[in-house]
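Here's the structure, in structure tokens; my notes come after.
Protein chains in written order, with my numbering: chain V, 1 to 115; chain R, 1001 to 1156; chain D, 2001 to 2090; chain P, 3001 to 3530.
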């Protein structure tokens, strides 16, 4: 139970992220929510690959048989972070355009759906 | 966006080469120490963003066009996928690490955890290709967004 | 509270409960139960790729194709951002 | 000769690498010549199509093939799979054929359709990237790789949906799409991480094998629910279909066509996860997600049809009919699963009567939906190109000046509402027959929605193409030849499929359906040891 506290942090981040996406009415805040959600998932990936007392999987200056944490989750997280940056850039540029069209970022001021 | 004060510009000018060299170090040693093309590229791109903020995006725009940036980005991406394609020709499969353990310039596989800067085969080369791509790509994003918001301020 | 918010709250509650349950049931922090793939990579990274950094050897060698995809994602984002801020008139 | 053999041996990698290379080269080529760039994009996708068709003949003749990236060493090392690999069986190649047909037609259509716009170098770059992502999702055999390609597809399509940035609705549709996609993709990533944490594997076949060995833990169930929710959301199934009409309706017509393919790539992911990765555990009678899929299908179908009735904008109406068509697929696949779950436990998908028929009908409908709805989108784009008008209330009498387009629209409308002798009829008949076995009410609802679709589209035909000639459309001309050729390709395939459905079913759909329900063939190389 106590050993799983890092996972609870993951769950906390994901819940905060989802809450922000679902309940906030400002587009920038929604994007922040997505970023928090993404951090939660990234943290989860990293956490999965950790072994107690292990070092980073790098052999420079370390002996061959040191206990090392898993390299694959770290590589996946790297990929996921870069993807996150890409998505963030696209979302922000779309938001800039929405602001140009409506002069506001509040959900209720934008468009309204025509069916 | 207008440039900032002389103090900021000077400090930015001084720190920019240091940041760039640090970033390039991270890229070049990606296969030996923590780091790699993405991380180092992000560092250099942040240095460029610092210059853009200090001097103002219009100043940057007079120096370099977004058009040329996307050219360099394409080149980085082409170098990366090109290395992967060479894997088909020399290594028999897409993405094969065909340069590793070929002696000569790229050395042989070290025994006992003492890989050196030249032993990674295609890894360092790919790091450089990705590094170029990330530097130019992230800087292009920052520049385009800065210019876009800047034009908006002018028109309103 | 309108209907949309009620639905959202219900959704959030359900997700949270299952998430927390899952996080309690997963293997204890620091002792993964399975190590088939990663132990192989740790053992063989220097011999097979000539790199000291296990993460880089995964990024560019073992899972190099993912990295091509990752570089493509960045390329896509740059192309998208530049396209969105293009001049609309010729 | 030698070099051709070598290239063909690497066909799985080249199907991804060639459009990717094309996308990286496009910015360079458009510095030289605009026309050259457009033709370059067409050629690139043409070459890719050749590789896809070669690979299809190979896979259909010799069974699933795997392609390991980065090493020629053994695929299975120390009893696990280290590297990324592509695994291509009849189902993935079937989806890839749909994807490449749509992409090729889209790029051909763009040649004239997008001519007058700026930013076309980025447009073609993103179009090629979107195709790459779509094909990658369909061919990959690695979970995380699937996620990466999912993101490439999402980012490229969201940007392309917002292509006309001067229209606020287009930008909003793009934003909605990217938010939904990103949240969905993060759910997928979280589920992948859950599976990875338990089995230390990312390969789909390896995870499937491990799942079969370890049983169905609670964490697997959470992962499955997350994957189904996220992919159904990206696949546009109700109740998370809201982004779909916006994105389809606001994008340029060529992109709407490609979005159909992207949506179906997500559906393919859903099928692959449910049937292959979870294939061993999910066919247990205790766990029936069949009924969930059936219900989702019926709801999706009804929402699509009902909402289509009240639309006044051409492309949004087609988009809602696309939602309805998605419902048919979910209904068919769900029916297949439910029949098996209801039957006695010894019966499997292959032996249960009508279950196989439902699945064949569902898969056949995947390709038919792509072609029918795609053709209608192209017609709507042609009408917009000629008249600059999208509202059904302001259009009329176009048949006089746009004869070919009218013919294509009639073909599309008959096919989409499932009338013989077009392809929609062939697949819908299979779906009606098999759902009738499950519950007659389901098939009645399905038939009714088809009839409603017919009524809706006949109304559109009357509003847009028939009726008195309007003075403001007197100068309207037929669209350029390249657009007509693009529409003619799809119409031709629709007619061929409609005339010879048995040929298509036995050569293409049945192997795909077998590959779907029987995950042993997918896992074979893992245990057999290649």
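Beta carbons: idealized from backbone N, C-alpha and C, even for Gly.
Note that this is a predicted model, so its numbers are computed, not measured.
Spatially closest choice to residue i from the options, by CA coordinates
i              : options                        : result
residue 3212/P : 3250/P, 3168/P, 3278/P, 3032/P : 3278/P
residue 3478/P : 3113/P, 3160/P, 3493/P         : 3113/P
residue 3140/P : 3266/P, 3168/P, 3004/P, 3310/P : 3266/P
residue 2035/D : 3198/P, 3462/P, 3394/P         : 3198/P
residue 3137/P : 2057/D, 2066/D, 2022/D, 2089/D : 2066/D
residue 3413/P : 3438/P, 3357/P, 3375/P         : 3375/P
residue 3158/P : 3177/P, 3046/P, 3314/P         : 3177/P
residue 3380/P : 3465/P, 3443/P, 3097/P         : 3465/P
residue 100/V  : 3036/P, 3167/P, 3339/P, 3144/P : 3167/P
residue 3132/P : 3188/P, 3102/P, 3337/P, 3225/P : 3102/P
residue 3518/P : 3390/P, 3280/P, 3480/P, 3386/P : 3280/P
residue 3106/P : 3087/P, 3061/P, 3038/P         : 3038/P
Proximal residues to residue i (C-beta, below 6 Å), its chain only, five neighbours per side dropped
i              : result
residue 1069/R : 1136, 1140
residue 1076/R : 1129, 1132, 1133
residue 3292/P : none
residue 3487/P : 3378, 3408
Close-in-space but distant-in-sequence residues of the same chain around residue i (CB under 7 Å, 5 per side omitted)
i              : result
residue 106/V  : 25, 26
residue 3091/P : 3512, 3515, 3516
residue 3125/P : 3023, 3026, 3027
residue 3165/P : 3171
residue 2076/D : none
residue 3543/P : Lying before the first or after the last residue shown, residue 3543/P is absent from chain P, which here runs from 3001 to 3530.
residue 3531/P : Given that chain P is displayed from residue 3001 to residue 3530, the structure contains no residue 3531/P and the question cannot be resolved.
residue 3083/P : 3068, 3069, 3070, 3071
residue 3494/P : 3371, 3372, 3375, 3411, 3415, 3422, 3423
residue 3036/P : 3029
residue 3227/P : 3188, 3191, 3273
residue 3222/P : 3194
Inter-residue CB distance, residue i and residue j (contact presumed, cutoff 8 Å)
i              : j              : result
residue 12/V   : residue 21/V   : The pair is not a contact, with the Cβ atoms about 15 Å apart (cut-off 8 Å).
residue 3175/P : residue 78/V   : 27 Å between Cβ atoms; not a contact.
residue 72/V   : residue 49/V   : 7 Å
residue 3448/P : residue 3324/P : With 8 Å as the limit, residue 3448/P and residue 3324/P do not qualify as a contact, their Cβ atoms being about 11 Å apart.
residue 3000/P : residue 3245/P : Outside the displayed range of chain P (3001 to 3530) lies residue 3000/P, so it cannot be described from this structure.
residue 59/V   : residue 2052/D : 4 Å
residue 84/V   : residue 38/V   : 5 Å
residue 3148/P : residue 2064/D : At roughly 12 Å, the Cβ-Cβ gap does not stay under 8 Å, so residue 3148/P and residue 2064/D are not in contact.
residue 3312/P : residue 3391/P : 6 Å
residue 2015/D : residue 3155/P : Incorrect: roughly 25 Å between the Cβ atoms, too far for contact.
Beta-ladder partner(s) of residue i, from DSSP
i              : result
residue 3086/P : 3067/P, 3140/P
residue 106/V  : 26/V
residue 3076/P : 3081/P
residue 3391/P : 3313/P
residue 3203/P : 3142/P
residue 55/V   : 68/V
residue 2053/D : 58/V
Contacts around residue i, its chain only, beta-carbon distance under 8 Å, and the 5 residues preceding and following it disregarded
i              : result
residue 3054/P : 3008, 3011
residue 3400/P : 3469
residue 1019/R : 1043, 1044, 1046, 1047, 1050
residue 3377/P : 3248, 3253, 3256, 3257, 3260, 3315, 3318
residue 28/V   : 95, 105
Contact list for residue i against chain B, beta-carbon separation under 8 Å
i            : result
residue 41/V : Annotation note: the requested chain B is absent from the structure, which comprises protein chains V, R, D and P.
Chain-ordered residues of the segment 3157–3173 of chain P with a beta carbon less than 7 Å from chain V:
3158, 3159, 3162, 3165, 3168, 3169, 3171, 3172
What residues in the segment 69–85 of chain V have a beta carbon less than 7 Å from any beta carbon of chain R?
78, 82
Listed from N- to C-terminal order along the chain, which residues in the segment 2024–2044 of chain D have their beta-carbon within a distance smaller than 8 Å of any beta-carbon of chain P?
2025, 2026, 2027, 2032, 2033, 2034, 2035, 2036, 2037, 2038, 2040, 2041
Listed from N- to C-terminal order along the chain, which residues in the segment 1019–1038 of chain R have their beta-carbon within a distance smaller than 7 Å of any beta-carbon of chain V?
1032, 1033, 1034, 1038
Closer than 7 Å, Cβ to Cβ, to anything on chain V: give me those residues from the segment 3169–3203 of chain P, in chain order.
3169, 3171, 3172, 3174, 3175, 3178, 3179, 3182, 3183, 3186, 3189, 3190, 3193, 3196, 3197
Short-range partners of chain P found in the segment 4–22 of chain V, where Cβ spacing is below 7 Å:
21
Name the residues in the segment 2050–2065 of chain D whose C-beta lies less than 7 Å from a C-beta of chain V; which are they?
2052, 2053, 2054, 2055, 2058, 2059, 2063
Any C-beta of chain V within less than 9 Å: which residues of the segment 3120–3149 of chain P qualify?
3144, 3147, 3148
Interface positions of the segment 1075–1095 of chain R facing chain D (Cβ-Cβ less than 7 Å), listed along the chain:
1077, 1080, 1081, 1084, 1095
Which residues of the segment 1129–1155 of chain R have a Cβ closer than 7 Å to any Cβ of chain V? Give them in chain order.
1141, 1145, 1148, 1149, 1152
Taking only beta carbons into account, state which residues of the segment 32–66 of chain V come closer than 8 Å to chain R, listed in chain order.
56, 58, 59, 60, 62, 63, 64
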